[in-house]
Amino acid sequence: MMRHAMAIGLVLLLAGRGAAQTGVRVVLYDYELDGEGSYSLRGFVGLGADHDFSERTSMGVDLRSRISYRTVGGQVRSAFHFSDAGSASFYLGPTVGIQVASEHERYTFVPVGMRMGVRGGLERFYADLYLGFVSNLGAANAVQGRSERGDVAPVGVTVGLNIGFGWVSRERN
65 MMRHAMAIGL VLLLAGRGAA QTGVRVVLYD YELDGEGSYS LRGFVGLGAD HDFSERTSMG
125 VDLRSRISYR TVGGQVRSAF HFSDAGSASF YLGPTVGIQV ASEHERYTFV PVGMRMGVRG
185 GLERFYADLY LGFVSNLGAA NAVQGRSERG DVAPVGVTVG LNIGFGWVSR ERN
């Protein structure tokens, strides 16, 4: 857990150096729905950071953990905003991460996908409502031959709502 705190601190330190908006958020509602026969729903909670590099581009980092199962991981994403990111805007962009799961044995997989959503400007309170599609690379081999194929599906849909608090860097004013 200490590594997670250090990683978030480093991201915030580096993000605060630019002439743009930065925010810290809580991964409040983050669900993955997979289509492996039973359509299981997996919920996650965590912390994240956002940084706007320009009026149209941003980056986010998430550290999250599955609510009812031993899965921890992180993801990095970038986004192109279709209007000024300083206010509410629709965005689209790729995401990549790494997750470690352990049930009877420990295994690692890499979620890669696309995410779209609507995010408020990062100054003060903001929210991020999103929908994404993910392919969990390495998950098919990890769950091969198990009866619990709903643990980690090779493909899935993500949906979530995150809330946070942000600020504008001094250089931008």
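According to this note's numbering, the sequence shown holds residues 65 to 237 in order.
Cβ coordinates follow ideal geometry from the N, Cα and C atoms, glycine included.
Bear in mind the structure is a predicted one, so any value in this text is a computation, not a measurement.
- Task: Output the boundary residues of the beta strand (DSSP E) element that contains residue 114.
- Result: Counted from its first residue, the sequence shown places residue 114 at position 50. Element bounds for residue 114: 105-116.
- In terms of alpha-carbon separation, which member of 182, 158, 134 and 166 lies closest to residue 108? In the sequence shown, the residue the question calls residue 108 occupies position 44. Minimum Cα distance to residue 108 is reached at 134.
- Message: Checking 8 angstroms against the spacing of the C-beta atoms, do residue 176 and residue 160 come in under that value?
- Response: Within the sequence shown, numbered from 1, the residue matching residue 176 stands at position 112. Within the sequence shown, numbered from 1, the residue matching residue 160 stands at position 96. Their beta carbons are under 8 angstroms apart, which means residue 176 touches residue 160 by this criterion.
- Where residue 115 falls, given that 16 or more other Cβ within 10 Å makes a residue buried: To locate residue 115, count along the sequence shown from 1; it is residue 51. Classification for residue 115: buried.
- If we ignore side chains and look at the alpha-carbon of each, how far apart do residue 138 and residue 85 end up? Counting from one through the sequence shown, the residue named residue 138 turns up at place 74. Counting from one through the sequence shown, the residue named residue 85 turns up at place 21. Roughly 22 angstroms separates the two Cα atoms.
- Task: Provide the residue span of the beta strand (DSSP E) that contains residue 131, from first to last.
- Result: Numbered from 1 along the sequence shown, position 67 holds the residue referred to as residue 131. First-last for residue 131: undefined, no H or E at that position.
- Going by DSSP, what residues sit across from residue 191 in a beta bridge? In the sequence shown, residue 191 corresponds to position 127, counting from 1. In DSSP, residue 191 forms a bridge with 227.
- So is residue 186 buried or exposed if we call it buried at 16+ other beta carbons inside 10 Å? Counted from its first residue, the sequence shown places residue 186 at position 122. So residue 186 counts as buried.
- Near residue 194, which residues of its chain fall below 6 angstroms by C-beta distance, leaving aside the five closest residues on each side in sequence? By one-based count along the sequence shown, residue 194 stands at place 130. Answer for residue 194: 179, 181 and 224, listed in chain order.
- Pick from 143, 105 and 113 that is closest to residue 121, judged by C-alpha positions: For this step, residue 121 is matched to residue 57 along the sequence shown. Here the closest residue by C-alpha is 143.
- Item | residue 127 versus residue 155: straight-line alpha-carbon distance, rounded | Stepping through the sequence shown from its first residue, residue 127 is reached at position 63. Stepping through the sequence shown from its first residue, residue 155 is reached at position 91. Distance between the alpha carbons of residue 127 and residue 155 is about 21 angstroms.
- Item | For residue 88 and residue 229, believed in contact at Cβ under 8 angstroms, the rounded distance | Residue mapping note: residue 229 aligns to position 165 of the sequence shown, counting from 1. Residue mapping note: residue 88 aligns to position 24 of the sequence shown, counting from 1. Right, their Cβ atoms sit about 6 angstroms apart.
- Query: With a CB to CB cut of under 7 angstroms and the five nearest residues on each side skipped, what residues in its chain are close to residue 97?
  - Reply: Locating residue 97 in the sequence shown gives position 33, where the first residue counts as 1. Cβ within range, chain order: 103, 105, 220 and 221.
- Message: Which residue wins for smallest C-alpha separation from residue 165, given the options 157, 147, 148 and 131?
- Response: The residue you call residue 165 lines up with position 101 of the sequence shown. For residue 165, the nearest C-alpha among the options comes from 131.
- Query: Hey, how far is the Cα of residue 147 from the Cα of residue 118?
  - Reply: Locating residue 147 in the sequence shown gives position 83, counting from the first residue. Locating residue 118 in the sequence shown gives position 54, counting from the first residue. In a straight line, the C-alpha of residue 147 is about 11 angstroms away from that of residue 118.
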